[in-house]
Amino acid sequence: MKEQSVCQICENELANLSCEICGKLVGLKCFDKNSGTCVNCRRGKKIEDLGKIY
Ligand SMILES: [Zn+2]
Ligand SMILES: [Zn+2]
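For the sequence shown, numbering that gives the first Met the number 0 assigns the number 0 to the initial residue and increments by one for each residue that follows.
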């Protein structure tokens, strides 16, 4: 009975990280390591290109 956490932003990946600001569970693609927040909380920047992360 284990629920897998899904990224609460894109809902398209497993969530391994939590935003320090809003506490959302998010996956790597939606997490900004530099600020420790999700992309929604990161100010001044938006997701530029998800496909370019790797
Ligand atoms: Zn995501
Ligand atoms: Zn957040």
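The C-beta atom is built at its ideal place from N, Cα and C for all residues, glycine as well.
Inset, instruction - Quick one: residues in its chain with C-beta nearer than 7 angstroms to the C-beta of residue 29, no 5 flanking neighbours on either side, listed in chain order? - result: Locating residue 29 in the sequence shown gives position 30, where the first residue counts as 1. Close CB contacts of residue 29 within its chain, under the 7 angstroms cut and outside five residues either way in sequence, are with 6, 8, 9, 37, 38 (chain order).
Inset, instruction - Out of 13, 2, 31, state which residue places its alpha-carbon closest to the alpha-carbon of residue 19. - result: Your numbering for residue 19 matches position 20 in the sequence shown. It is 31.
Legend entry - Given residue 118 as reference, the closest of 2, 13, 34 once Cα atoms are compared: What is shown of the chain runs 0 to 53, which leaves residue 118 out entirely.
Inset, instruction - Go through its chain and collect everything with a Cβ distance to residue 41's Cβ below 6 angstroms, but skip five positions before and after it. - result: Numbered from its first residue, the sequence shown carries residue 41 at position 42. Within the same chain, Cβ atoms closer than 6 angstroms to the Cβ of residue 41 are found at 31, 34, the five residues on either side in sequence being excluded.
Legend entry - CB of residue 24 within 8 angstroms of CB of residue 17, strictly: Here residue 24 corresponds to residue number 25 of the sequence shown, with the count starting at 1. Here residue 17 corresponds to residue number 18 of the sequence shown, with the count starting at 1. Between residue 24 and residue 17, the C-beta gap is smaller than 8 angstroms, which places the two residues in contact.
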